[in-house]
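Each residue of the sequence shown is one higher than the last, beginning at 5 in this note's numbering.
Where is the CB? At the ideal position from N, CA and C, for every residue including glycine.
Because the structure is a prediction, the values reported are computed rather than measured.
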Amino acid sequence: MAIENNQLLERLEGLVSRYEEVGTLITDPSVIADQRRYVKLTKEYKDLGAIVKKRKDYIQALQTIEDAKEMIAAEEDPEMKEMAREELNEAQERVPQLEEDIKLLLVPADPEDDKNVIMEIRGGTGGDEAALFAGDLFRMYTKYCETKGWRVAVSSFTEGAAGGYKEIIFSVTGEKVYGTLKYESGVHRVQRVPATETQGRVHTSAATVAVLPEAEEFDVEINEGAIKWDTFRSSGAGGQNVNKVESGVRARYMWTNPITGETEEILVECTETRDQPKNKERALARLRTFIYDKEHQKYIDDIASRRKTMVSTGDRSAKIRTYNYPQGRITDHRIGYTIYNLAAFMDGDIQECIDRLIVAENAERLKESAL
Numbered sequence: 005m006a007i008e009n010n011q012l013l014e015r016l017e018g019l020v021s022r023y024e025e026v027g028t029l030i031t032d033p034s035v036i037a038d039q040r041r042y043v044k045l046t047k048e049y050k051d052l053g054a055i056v057k058k059r060k061d062y063i064q065a066l067q068t069i070e071d072a073k074e075m076i077a078a079e080e081d082p083e084m085k086e087m088a089r090e091e092l093n094e095a096q097e098r099v100p101q102l103e104e105d106i107k108l109l110l111v112p113a114d115p116e117d118d119k120n121v122i123m124e125i126r127g128g129t130g131g132d133e134a135a136l137f138a139g140d141l142f143r144m145y146t147k148y149c150e151t152k153g154w155r156v157a158v159s160s161f162t163e164g165a166a167g168g169y170k171e172i173i174f175s176v177t178g179e180k181v182y183g184t185l186k187y188e189s190g191v192h193r194v195q196r197v198p199a200t201e202t203q204g205r206v207h208t209s210a211a212t213v214a215v216l217p218e219a220e221e222f223d224v225e226i227n228e229g230a231i232k233w234d235t236f237r238s239s240g241a242g243g244q245n246v247n248k249v250e251s252g253v254r255a256r257y258m259w260t261n262p263i264t265g266e267t268e269e270i271l272v273e274c275t276e277t278r279d280q281p282k283n284k285e286r287a288l289a290r291l292r293t294f295i296y297d298k299e300h301q302k303y304i305d306d307i308a309s310r311r312k313t314m315v316s317t318g319d320r321s322a323k324i325r326t327y328n329y330p331q332g333r334i335t336d337h338r339i340g341y342t343i344y345n346l347a348a349f350m351d352g353d354i355q356e357c358i359d360r361l362i363v364a365e366n367a368e369r370l371k372e373s374a375l
């Protein structure tokens, strides 16, 4: 494909000038003073920078094709001709992939992808076995986050009678966390013989996973004076100090839905550290995230209504994956993906499944944008 009259390059022209404009804006003191605008522009500059770099690589590959063709036509020396052919083949192989990368970069990304997350895992149907499975899922995600270099911090949990968790809430901090983990939201179903089962029968139980993008301070407005704070003694690991000091905090906040006008009480607890001010700060971050999630749900519903497969968004009560222990099998129902490495998967080896979900999501986005 020639550089002249190249439609893809024509589409990128305006973005180059915008990249330069934004680069100037983020050094302007008045923009830096407006934190909301500055953060938005900094993200835009980073996103545009990725497109501008791909554009440069693309132009270079197209130029290499033109130069190599000219050399093959004009060159007499067989060795030089062969070298030009090799360069031509390499560049021709690179061009389709570069075009695909550029098209994906041109599709508007989910604005939440760069955010950290707050995750909730709850044991569903299945009693003790569901709580044990919720514990297994928490371990799986913890192991996966370790491989990514992400930090996991538990906010609160309720243990199951036989182990595991009836509910566990934790935050994950790192690079592009929501963009990776958002595919995990939904119902996870397990089929296995519970430890308490004497007949060796396979039982089916489930746990729900919710992945919420963590809200920044300026994403939602909270009247902090209207928050009712309670303190209480934490329980669980932490030595003798834990039960003597009221380090646990509970926040109660009356939130009014901006769409329906209905008011509801939101309750958030944090027992993560022995330091009450730190727990207060983290409880406030969770409160912000829960309100943001409720207000953001309309945006999520809009995307889900446009997409048929709902790879990453939509109904959180939808069954997304089955973990079959007798067969060592995992099936992701959204993309019809089945693998037989359950032990490794439960040990945090979930990247391949996430990669396939990302590919399916990208295919939908490209189709939607008609690129």
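Query: C-beta contact flag for R286 and E299 at 8 Å; Result: no
Query: Sub-8 Å separation of Y187 and I343 beta-carbons; Result: no
Query: Cβ separation of E218 and I125, assumed to be a contact under 8 Å, to the nearest whole Å; Result: Actually they are not in contact, since the Cβ atoms of E218 and I125 sit about 16 Å apart, beyond 8 Å.
Query: Rounded Cβ spacing between I324 and V176 (contact assumed at less than 8 Å); Result: About 18 Å; that fails the 8 Å criterion.
Query: M258 classed as buried or exposed, judged by whether at least 16 other C-beta atoms fall within 10 angstroms; Result: exposed
Query: Reduced DSSP category for G242 - H, G, I as helix; E, B as strand; rest coil; Result: Here G242 scores only 45 on pLDDT, less than 50, and its place in the model should not be relied on; the value that follows carries that caveat. Looking at G242 - three-state DSSP - the assignment turns out to be coil, as it is neither helix nor strand.
Query: Contact check, I7 vs Q101, beta carbons under 8 Å; Result: no
Query: Own chain partners of G183 with C-beta closer than 6 Å, once the 5 adjacent residues on each side are dropped; Result: D117
Query: Entirely enclosed beta strand (DSSP E) segments - the region 253-282, minimum 3 residues; Result: 267-274
Query: Cβ pair count under 8 Å reaching 3, the region 50-68 against the region 97-114; Result: yes
Query: Nearest candidate by alpha-carbon position, reference N283, set E103, V194, G340 and C274; Result: C274
Query: Close Cβ partners of R311 (< 6 Å) along its chain, the five nearest in sequence each way excluded; Result: With a pLDDT of 46 at R311, under the threshold of 50, the predicted position of this residue should be treated as unreliable, and no value is reported.
Query: V181 - DSSP class collapsed to helix/strand/coil; Result: helix
Query: Short Cβ contact (8 Å threshold) for Y23 with L45; Result: no
Query: Beta-carbon proximity of Y49 to V26, cut-off 8 Å; Result: yes
Query: Nearest neighbour of G168, chosen from S159, A138, S189 and V197 [CA to CA]; Result: A138
Query: Cβ pair S209, T129 closer than 8 Å; Result: yes
Query: Reference L271, options R292, D279 and S251, closest by Cα; Result: R292
Query: Residue burial classification, G252 (beta-carbon count within 10 angstroms, cutoff 16); Result: buried
Query: Backbone CA spacing between K119 and F142 [nearest angstrom]; Result: 20 Å
Query: Nearest residue (CA-CA) to E255, options T267, K232 and E266; Result: Checking the displayed sequence, the identity of residue 255 turns out to be Ala instead of Glu. It is K232.
Query: Beta-carbon proximity of Q195 to V213, cut-off 8 Å; Result: no
Query: Other residues of its chain near R89: CB distance less than 8 Å, five sequence neighbours each side excluded; Result: A72 and I76
Query: Under the three-state DSSP convention, the category S21 falls into; Result: helix
Query: Length at least 4, wholly inside the region 104-176: the alpha helix (DSSP H) runs in chain order; Result: 131-152
Query: Residue interval of the beta strand (DSSP E) (run including Q195); Result: G190 to R196
Query: Beta-carbon proximity of G127 to A211, cut-off 8 Å; Result: yes
Query: Range covered by the alpha helix (DSSP H) that runs through S34; Result: P33 to A37
Query: Between the CA atoms of Y296 and Q244 - distance to the nearest angstrom; Result: Residue placement at Q244 cannot be trusted, given a pLDDT of 44 that sits under 50; what the coordinates show is reported in the next sentence. Q244 and Y296: Cα-Cα distance of roughly 37 Å.
Query: Exposure of N247, with buried meaning 16 or more beta-carbon neighbours within 10 Å; Result: Residue placement at N247 is flagged as unreliable, the pLDDT there being 49, under the threshold of 50; the coordinate-derived value follows with that caveat. When all chains shown are included, N247 counts as exposed.
Query: Distance between L346 and G332 (C-alpha atoms, nearest Å); Result: 5 Å
Query: Spatial neighbours of L1 in its chain, beta-carbon cut-off 7 Å, leaving aside the 5 residues before and after; Result: Lying before the first or after the last residue shown, residue 1 is absent from the chain, which here runs from 5 to 375.
Query: Spatial neighbours of C149 in its chain, beta-carbon cut-off 7 Å, leaving aside the 5 residues before and after; Result: V156 and V176
Query: Rounded C-alpha distance that separates Q203 from N328; Result: 18 Å
Query: Identity of the residue in N227, E220 and D132 nearest V197 by Cα; Result: D132
Query: A214, enclosing beta strand (DSSP E) - first and last residue; Result: H207 to P217
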